[in-house]
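K.L.:
Below you'll find the structure I mean.
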Amino acid sequence: MSTDLLLHGGRVFRGLAGGFAEALLVRDGRVAAVGTAEEVEAAAPPGTRRLDLEGRVAIPAFNEAHMHLLPYGLGLSQVNLRAEQVRTLDEVLRRIGEAVKGAPKGAWILGRGYDHGALDIGRHPTATELDRVSPDNPVYIVRTCGHMGVANTAAMKAAGVGHNTPDPEGGAIERKGGALTGLFLERAKRLVIDAIPLPSEDHMVAAIEAAGHDLASRGFATASDMNVGMTAGLHEIAAYRRALAEDRLIQRMWQVLAGNPEGIAESAWNEGLRPDHTDDRLAWGAVKVFGDGSAGGLTAAFFDPYLESAGGGTGMFMFPDETMHRLLALYHRQGWQLDIHAIGDAAIEQVLVGMERAGEGDAPLAGRRHRIEHCGFLNAGQRARMKAHGIIPVPQPVFLYEFGDLYVRNLGPERSENAYPMRTWLEEGHHPAASSDSPVCTVDPFINLFTMLTRKTNRGTVLGAAEALTAEQAVHCYTWCGAHSQFAETRRGTLEPGMLADIAVLSRDIFAIDPEEVLTTEADLTLRGGVPIFDRHGALRSLAMA
Ligand SMILES: [Zn+2]
């Protein structure tokens with residue numbers, strides 16, 4: 001009996017260039033035929049399994065070009081403080097208190113995703129408040145952006161941080177009246193994080209697998225870990241390799257080594273790891289360095305200051321120019337793709353100059369596809385220089401949905417409306433790879449698509465309607481552009497003959513419905529190379545039995 005699979009009875013989105021087809025045939029993990037129903041039927045041998053889309057749509061599976069898979073997986077077992085569910089200080093403390101009750105004495109309690117702007121108190125919780133529900137267990141909760149967090153007194157004690165501890169370069173320990181509030185910003189977070197016991201390899205592999213199943217249920221066949229080594233150093237590389245060997249790595253992975261001086265890029269290089277973007281399951285392709293912080297947290301670096309009413313200042317560079325430029329030149333010469341975090345225009349400038357200088361010698365920038373991660377607030381001149389050098393913006397449209405109103409408060413309407421200029425990028429010939437930065441934002445691709453279609457925040461504010469995309473463009477940014485940013489657009493990202501059969505069947509035809517309905521659309525079936533990694537209704541199982 002044939003193992004071919006024929007999709008029919010709905011639309012197939014081949015890609016931005018190819019448009020729509022009526023049917024598609026999968027053979028040996030690849031797209032064997034796509035076109036009209038007759039053309040595809042003619043290519044199908046007797047005994048081909050047939051899946052009726054029943055009016056739904058098949059698209060190239062989503063590619064999560066910038067997320068943190070292992071932290072996302074570990075976070076699935078941490079205390080959830082995200083704003084969808086937690087709006088008051090009392091609720092933060094209640095959830096932490098619950099976790100303390102179930103934990104051994106002295107065990108760390110980790111919480112993830114609070115947003116002080118969404119809390120009733122309108123500020124970060126304090127160490128003293130956390131102490132009320134956890135006098136003995138160390139507690140550390142991380143803001144939704146990942147750039148700052150609050151430790152309780154036991155956690156600061158475990159980290160050896162006292163009121164005399166100096167602020168590290170590129171970070172700050174908040175103090176009020178000389179006393180520690182518990183808030184750690186940017187690189188100061190390391191002081192606390194380094195005191196948290198590392199997860200075991202078993203724990204990490206389980207987290208990678210749990211995150212992978214979660215993503216498969218949302219239509220992703222490719223994901224990424226944008227800062228490998230951030231949690232557990234080189235052990236993370238071992239955990240990913242073991243997950244692959246044990247068939248517990250669900251997506252194709254684009255792996256980016258933590259390249260800050262405290263990261264693992266240097267030690268991994270010394271152990272013999274070399275850039276390779278040809279591996280379609282576990283590609284070690286790039287190195288990441290942080291240029292600045294977040295616009296929501298007032299730590300992204302801008303030329304013009306934040307609004308005085310929001311606190312003013314021009315943000316924070318992680319490194320002086322010389323350090324950043326030295327790191328970029330080093331990793332560029334080693335052959336890595338540079339995936340550099342820069343959100344504000346001043347940080348983008350620092351990174352762009354660094355990339356331009358790195359490419360001046362005998363290793364030009366052409367063909368290297370360096371990326372600026374986030375790349376939220378940039379000017380026309382910077383866009384033109386990126387285009388000229390083939391430097392790719394890797395934006396998170398969903399930032400506008402979750403943080404857009406905070407951007408307006410911090411930066412005013414004009415800069416917020418011009419943020420993450422998706423349509424302008426496409427019109428100018430850029431290939432912006434849409435992504436979520438999860439666990440910073442929800443990994444739900446339909447919220448990200450909705451934001452690209454509407455430019456609406458979660459409070460309904462429209463930011464820069466002229467930058468809205470069509471559904472075809474939005475899916476293109478979430479599929480082909482991701483593959484392109486990983487040197488893989490000749491193998492995945494479209495559903496043309498010969499491409500890997502990475503396919504998502506969605507519960508509705510998102511190209512034909514209201515954007516509001518996109519929000520409640522789901523993935524019904526996800527294939528990676530023709531293999532089902534998620535099957536909501538058991539459709540392929542019942543075909544196999546028939
Ligand atoms: Zn990130």
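Counting in full-length UniProt numbering, the sequence shown runs from 1 upward without gaps.
Even for Gly, the Cβ is constructed at its ideal location relative to N, Cα and C.
(1) Let me know the alpha helix (DSSP H) ranges lying completely inside the segment 369-403, each 4 residues or longer, listed in chain order.
(2) Give the straight-line distance between the Cα atoms of Y114 and A32, rounded to the nearest whole angstrom.
(3) Only counting the same chain, and skipping five residues up and downstream in sequence, which positions put a Cβ closer than 6 Å to that of D339?
(4) Please state whether the Cβ-Cβ distance between S134 and A107 is less than 8 Å.
(5) Please name the residue, chosen from H537, M156, I392, that lies closest to D131 on a Cα-to-Cα basis.
(6) State yes or no: is the C-beta of L51 within less than 8 Å of the C-beta of A544?
(7) Three-state secondary structure (DSSP) at Y407?
(8) Quick one, what's near ligand 1 if you take every residue whose CB is closer than 5 Å to any heavy atom, in chain order?
(9) Going by C-alpha distance, which of A265, L7, I196, G29 is nearest E22?
(10) Skipping 5 residues on each side, what residues in its chain have a beta carbon closer than 7 Å to that of L183?
(11) Verify whether the separation of the beta carbon atoms of L411 and Y306 is less than 8 Å.
(12) Here's a check: name, in chain order, each residue in its chain whose Cβ is nearer than 6 Å to the Cβ of A211, leaving out the five neighbours to either side.
(13) Just to confirm my understanding: we take S436, look at its own chain, exclude 5 residues before and 5 after, and list those with CB closer than 7 Å. What are they?
(14) By alpha-carbon positions, which one of L191, F290, Q486 ends up nearest to D167?
(15) Hey, A433 and F377: beta-carbon distance below 8 Å or not?
(16) Tell me the start and end of each unbroken alpha helix (DSSP H) in the segment 446-533 that is at least 4 residues and wholly inside, in chain order.
(17) Does the beta-carbon of V57 have 16 or more other beta-carbons within 10 angstroms, so that it is buried, or is it exposed?
(18) Kindly indicate the opening and closing residues of the beta strand (DSSP E) around K176.
(19) Mapping the DSSP letters down to three states, classify L249 as helix, strand or coil.
(20) Report the residue from S2, P60, G29 whose alpha carbon sits nearest the alpha carbon of V475.
(21) For the segment 316-342, which segments carrying the beta strand (DSSP E) assignment without a break, of at least 3 residues, lie completely within its bounds, in sequence order?
P.N.:
Result, derived from the coordinates:
(1) List check, alpha helix (DSSP H) in window: 380-389.
(2) Here the alpha carbon of Y114 sits roughly 46 Å from the alpha carbon of A32.
(3) Once the five neighbours on either side are set aside, the close Cβ partners of D339 are V256, A286, K288, R371, E373.
(4) Cβ atoms of S134 and A107: not closer than 8 Å.
(5) Minimum Cα distance to D131 is reached at M156.
(6) No, they are not a contact pair.
(7) Reduced to three states, the DSSP call for Y407 is helix.
(8) Going along the chain, the residues that qualify are M226, D437.
(9) Check the Cα spacing between E22 and each of A265, L7, I196, G29: the tightest is with L7.
(10) Once the five neighbours on either side are set aside, the close Cβ partners of L183 are H124, M148, V150, E174.
(11) Against a cut-off of 8 Å, the Cβ pair of Y306 and L411 comes out as a contact.
(12) Cβ within range, chain order: L69, Y72, G73.
(13) The residues are E64, M67, Q396, V398, T442, V443, N448.
(14) Answer by Cα proximity: L191.
(15) No, the pair does not count as a contact, with Cβ atoms beyond the cut-off.
(16) Taking only runs of at least 4 residues, the alpha helix (DSSP H) segments lying wholly in the segment 446-533 are 471-478, 480-485, 515-518.
(17) Per the 10 Å Cβ criterion, buried.
(18) Its beta strand (DSSP E) spans residues 171-176.
(19) Note: L249 maps to coil in three-state DSSP.
(20) The shortest C-alpha separation from V475 is found at P60.
(21) You should have 337-342.
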